[in-house]
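Visitor: 590 is the number that the numbering used here gives to position 81 of the sequence shown; each next residue is one higher, with no gaps. Structure in structure tokens, see below.
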Amino acid sequence: MVGRIPVMDVAPVVEHGRYPAKACVGETFDVSALVFRDGHDQLGADVVLVDPAGQRRDPVRMRSLPLETARRSAPVTPDLVGAWSFSIESWSDTLGTWLHDAAIKIRAEVDVELMFLEGTLLLERWGREVQASKAERKRVLDAISALRDTDRPVEARLAAAEDPALVEVLTAHPLRDLLTTEGPYPFFADRERALTGSWYELFPRSEGAYVDKDGVIVPGTFATAAKRLDAVAAMGFDVVYLPPIHPIGEVNRKGRNNTLTPSPTDVGSPWAIGAKAGGHDKVHPALGSIKDFDAFVKRAADLGLEVALDLALQAAPDHPWVKAHPEWFTTRADGTIAYAENPPKKYQDIYPVNFDNDPEGIYAEVVRVVRFWMKHGVRIFRVDNPHTKPVAFWERLLAEVRTQDPDVIFLSEAFTVPAMMHALGKVGFHQSYTYFTWRNTRPEIESYLVELARDSASFLRPNFFTNTPDILHEYLQYGGPAAFRVRATLAATGSPSWGVYAGFELYERIAVRPGSEEYLDSEKYEVKVRDWDAAEAEGRSLAPYLTELNELRRRHPALQQLRNLTVHGGDDENIVCFSKRVSTGSTTQNDGPPNDDDVVIVVLNLDPHAAHETVVHLDLAALGLPDDARFEVHDELSDQTWQWSRDNYVRLDPNVAVAHILSVRTA
């Protein structure tokens, strides 16, 4: 039922409160609602949090939103990992109503003494019912004396009631009549890495690989891949993501460039999991032993890196599951097991699991596999194609893991319809791949950034990967090195989590055929031998720029947040401008934003082939600035400083710089 002081359209609420809204420790987000009442009396509302220990936190006052007649909002910031809830408490603001009416009636000489008497009685009641400091109580007592003092001029008595210091006390400690509580509504605060992080994807078998004297490629191992971790950490990445590291099937093994006729030396796709050497709980013998994997994880941790492992719930035809549990797969009319297909793509080397056959048995095995790798130091899983498995399966698995191990993070690799992507986020996936790769024009980028930062932020956290082993967009194929800088800049600043797949820093961009997004000589089917050192020595590496972007992300808290993005206007369709701001609420006396605010403005030329110039039009209110402000901006990339205002001329030549990343400085 609706409360006496109605509270409606509460946000963030996911599926009517069935699932917790997403939050992270230290992440500030707004709780909002429509709060209104009958008649003309004043009202108030607070947001009240209950933390994972069941402790009620101090209320946070909701404020009316600009240009809104009923919606109110309050920022909240969880400080513990775990299950939280929030409620909204609304009330009739009796003292606020009296102050409003007294100002009108007394000045109009209507019921003057009656209004003063009513105010006196309300303030006396306040003294009996409200807990406040000694100084606050004295201020109220002084106001009572002034209201009672008929020897004072009426104007002086009213001025005592309207004293800003008294109003501040009464606002902080209101009389709350007709109290209404709406909620509780759940949200879950994850650890920081669930929201923010820089990811680097590599194939261990390619790291440290070399060509021997006979021209044969010798694959890398966990030991040689561990040597690459220093460079990954030096570039400022937080997570190193490994595709499947398990034994690879020999039956129907794919050859180079996805051919069906492999040579005896072809290594196959890591996603064709399982062979005589074992399945999902084993490492490929060519990579080393489980102890070697443990050493890899430890070395990563020593460098400040977390290891994310691919969780691909499928099997090669010679996976042990196929023999032990044939019922877990789909058998066709001719008695064969159906292999995976995603027309026009065919995966003859992979059998998809049928989750409707023995769901309890499959669930128990997946939980066992996940916990096996958790015991070996894996606290992040990148889940392959979760949209091809039942949503209910993920809801159950993620809830179980979260209850016992809330630090474990799952990234959804689901490039599919929005409804499924959203559902996976709602039932518990901490992050999701997105359509970022296919958003390249200014209208596409602007609308998508707003969608992710506003519309879906309570249930879907984006991870902007610039490329993957499966996805080489034509923008990168034909844009040259500048295109790589554009996409890296947009990913690193537009989303709190972003990633690259190894080879991006070497500008690898040749497709297997025109119109395809598959790499020529794809690393999915062969070992890649790369000379990282030579590329850097010869200036052919993007690594220094990626390092600079990651350093900027760490230096600016605003870039580590999702919901704080504002898109600004501009006169050229090739230039996009957006900002991010972390506000502390402190004030300043100059034209700059509040002293402790971190404000970053990104201006990016989307055309990798030509220079463009424009005037960008800033929403200064979103930056915490008055509309006539003049302020200083410092380009973190070029180390230049300019004076800016609402409208600013910009010229970006991709041969010089694809972007300005501007920090707003106070005087």
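Think of the CB as a built atom: it goes at the ideal place given N, C-alpha and C, for glycine as much as any other residue.
Please name the residue or residues paired with residue 1156 in a DSSP beta bridge.
Guide: As a working mapping, residue 1156 is identified with position 647 in the sequence shown. DSSP, once it has assigned bridges, lists 1126 as partnering residue 1156.
Visitor: How about residue 602 and residue 551: are their beta carbons less than 9 Å apart?
Guide: Along the sequence shown, one-based indexing puts residue 602 at 93. Along the sequence shown, one-based indexing puts residue 551 at 42. Yes.
Visitor: Looking at C-beta atoms only, is the number of pairs between the segment 763 to 774 and the segment 731 to 748 that lie closer than 8 Å three or more?
Guide: Result no; under three Cβ-Cβ pairs closer than 8 Å.
Visitor: Excluding the 5 residues preceding and the 5 following residue 747 in the sequence, name in chain order all residues of the same chain whose CB lies nearer than 6 Å to its CB.
Guide: Position 238 of the sequence shown, counting from 1, holds the residue named residue 747. For residue 747, where only same-chain residues beyond five positions count, the Cβ hits under 6 Å are 706 and 707.
Visitor: Helix, strand or coil, according to DSSP, for residue 972 in the structure here?
Guide: Counted from its first residue, the sequence shown places residue 972 at position 463. Three-state DSSP puts residue 972 in coil, outside helix and strand.
Visitor: Helix, strand or coil: which one does DSSP assign to residue 940?
Guide: Indexing the sequence shown from 1 puts residue 940 at position 431. The answer is strand: DSSP assigns residue 940 an E or B state.
Visitor: Quick one: what does DSSP say residue 769 is sitting in, helix, strand or coil?
Guide: Here residue 769 corresponds to residue number 260 of the sequence shown, with the count starting at 1. Coil, per DSSP.
Visitor: Evaluate residue 1148 with the Cβ neighbour count: other Cβ atoms within 10 Å of its Cβ, from every protein chain shown; 16 or more gives buried, anything less gives exposed.
Guide: Mapped onto the sequence shown, residue 1148 falls at position 639. Residue 1148 comes out exposed.
Visitor: Going by alpha carbons, who is nearest to residue 673 out of 1064, 664 and 648?
Guide: Translated into positions along the sequence shown, residue 673 becomes position 164. When only C-alpha atoms are compared, the closest one is 648.
Visitor: Would you give the residue range spanned by the alpha helix (DSSP H) that residue 681 belongs to?
Guide: Within the sequence shown, numbered from 1, the residue matching residue 681 stands at position 172. Start and end: 673 to 681.
Visitor: Suppose the cutoff is 6 Å on Cβ atoms and the five residues either side in sequence are ignored; what does the same chain contact list for residue 1027 look like?
Guide: On the sequence shown, position 518 is the one that residue 1027 refers to. The residues are 1021.
Visitor: Hey, would you say residue 1145 sits closer than 9 Å to residue 1115, going by beta carbons?
Guide: In the sequence shown, counting from the first residue as 1, residue 1145 sits at position 636. In the sequence shown, counting from the first residue as 1, residue 1115 sits at position 606. Result no, Cβ atoms of residue 1145 and residue 1115 do not sit closer than 9 Å.
Visitor: Is it the case that the Cβ atoms of residue 918 and residue 702 are separated by a distance below 9 Å?
Guide: As a working note, residue 918 is residue 409 in the sequence shown. As a working note, residue 702 is residue 193 in the sequence shown. Yes, they are a contact pair.
Visitor: Using a Cβ distance threshold of 8 Å, determine whether the segment 870 to 882 contacts the segment 840 to 853, with at least three qualifying pairs required.
Guide: Contact fails: fewer than three Cβ-Cβ distances are below 8 Å.
Visitor: With DSSP run on the structure shown, which of helix, strand or coil describes residue 967?
Guide: If you number the sequence shown from 1, residue 967 lands on position 458. Residue 967 falls in the coil class under three-state DSSP.
Visitor: If you pair each beta-carbon of the segment 589 to 601 with each one of the segment 615 to 629, do three or more pairs fall below 8 Å?
Guide: The segment 589 to 601 is not in contact with the segment 615 to 629.
Visitor: Are the Cβ atoms of residue 1111 and residue 1046 separated by less than 9 Å?
Guide: For the purposes of this step, residue 1111 is identified with residue 602 of the sequence shown, where counting begins at 1. For the purposes of this step, residue 1046 is identified with residue 537 of the sequence shown, where counting begins at 1. Cβ distance not < 9 Å, so residue 1111 and residue 1046 don't count as in contact.
Visitor: Please report the residue range of the beta strand (DSSP E) in which residue 1143 lies.
Guide: Locating residue 1143 in the sequence shown gives position 634, where the first residue counts as 1. Residues 1140 to 1144.
Visitor: Using only CA atoms, which one of 899, 1124, 853 and 883 lies nearest to residue 863?
Guide: One-based indexing of the sequence shown puts residue 863 at position 354. Out of 899, 1124, 853 and 883, 899 has the C-alpha closest to the C-alpha of residue 863.
Visitor: Helix, strand or coil for residue 580, going by three-state DSSP, please let me know.
Guide: The residue labelled residue 580 in the question sits at position 71 within the sequence shown. Correct three-state label for residue 580: strand.
Visitor: By the three-class DSSP mapping on this structure, what secondary structure does residue 1098 have?
Guide: Here the question's residue 1098 lines up with position 589 in the sequence shown. Unreliable positioning characterises residue 1098 in this predicted model, as indicated by a pLDDT of 40, which lies under 50. The coordinate reading is nonetheless provided below. Looking at residue 1098 - three-state DSSP - the assignment turns out to be coil, as it is neither helix nor strand.
Visitor: Would you report the Cα separation of residue 951 and residue 997, rounded to the nearest angstrom?
Guide: Counting from one through the sequence shown, the residue named residue 951 turns up at place 442. Counting from one through the sequence shown, the residue named residue 997 turns up at place 488. Their Cα atoms are separated by approximately 16 Å.
Visitor: Please determine, among 1066, 1057 and 1118, the residue with the shortest C-alpha to C-alpha distance to residue 1083.
Guide: Here the question's residue 1083 lines up with position 574 in the sequence shown. Residue 1118 is the option with its Cα nearest to residue 1083.
Visitor: Please tell me whether residue 759 and residue 827 are closer than 9 Å, where the distance is taken between their beta carbons.
Guide: Your numbering for residue 759 matches position 250 in the sequence shown. Your numbering for residue 827 matches position 318 in the sequence shown. Cβ distance < 9 Å, so residue 759 and residue 827 count as in contact.
Visitor: Identify, in the order they occur along the chain, each residue of the same chain with its Cβ nearer than 6 Å to the Cβ of residue 1098, setting aside the five sequence neighbours on each side.
Guide: As a working note, residue 1098 is residue 589 in the sequence shown. Because the pLDDT at residue 1098 is just 40, under 50, the model does not fix this residue reliably, and the value given afterwards should be weighed accordingly. So no residue of the chain qualifies.
Visitor: For the alpha helix (DSSP H) containing residue 606, name the first residue and the last one.
Guide: Taking the sequence shown and counting its residues from 1, the one referred to as residue 606 is at position 97. Start and end: 603 to 616.
Visitor: At the level of alpha carbons, what is the spacing between residue 495 and residue 786?
Guide: It is not possible to answer for residue 495, since the shown part of the chain is limited to 510 through 1176.
Visitor: Closer than 7 Å by C-beta to residue 666: which residues in its own chain qualify, once you throw out the five before and the five after it? Chain order, please.
Guide: Within the sequence shown, the letter at position 157 stands for residue 666. Cβ within range, chain order: 625, 655, 656 and 658.
Visitor: Nearer than 8 Å: is that true of the beta carbon of residue 662 relative to any heavy atom of the ligand PLP?
Guide: In the structure on display, the ligand PLP does not appear, and there are no ligands present to speak of.
Visitor: So, for residue 957: in the same chain, excluding its five sequence neighbours on each side, which residues have a beta-carbon less than 6 Å away from its beta-carbon?
Guide: Here residue 957 corresponds to residue number 448 of the sequence shown, with the count starting at 1. Closer than 6 Å at the Cβ level, and outside the excluded window around residue 957, lie 948.
Visitor: Does the beta-carbon distance from residue 967 to residue 522 come in below 9 Å?
Guide: By one-based count along the sequence shown, residue 967 stands at place 458. By one-based count along the sequence shown, residue 522 stands at place 13. Yes; because the gap between Cβ atoms is below 9 Å, this pair is in contact.
Visitor: From what residue to what residue does the beta strand (DSSP E) around residue 856 run?
Guide: Numbered from 1 along the sequence shown, position 347 holds the residue referred to as residue 856. 854 to 856 is the span of the beta strand (DSSP E), which, as asked, contains residue 856.
Visitor: Cα-Cα, which of 906, 517 and 533 is closest to residue 868?
Guide: For the purposes of this step, residue 868 is identified with residue 359 of the sequence shown, where counting begins at 1. Here the closest residue by C-alpha is 906.
Visitor: Write down every uninterrupted run of the beta strand (DSSP E) in the segment 527 to 584 whose length is 3 residues or greater and which is fully enclosed by it, in chain order.
Guide: You should have 530 to 533, 538 to 544 and 552 to 559.
Visitor: Beta-carbon within less than 7 Å of residue 1091's beta-carbon, same chain only, minus the 5 sequence neighbours each way: which residues are those?
Guide: Reading the sequence shown from its first residue, position 582 is the one you call residue 1091. Excluding sequence neighbours, residue 1091 sits near 1066, 1067, 1070, 1073, 1106 and 1107.
Visitor: Which term fits residue 1178, buried or exposed, when burial requires 16 or more other beta carbons within 10 angstroms of its beta carbon?
Guide: This structure does not reach residue 1178, given that the chain is present from 510 up to 1176, and the question cannot be answered.
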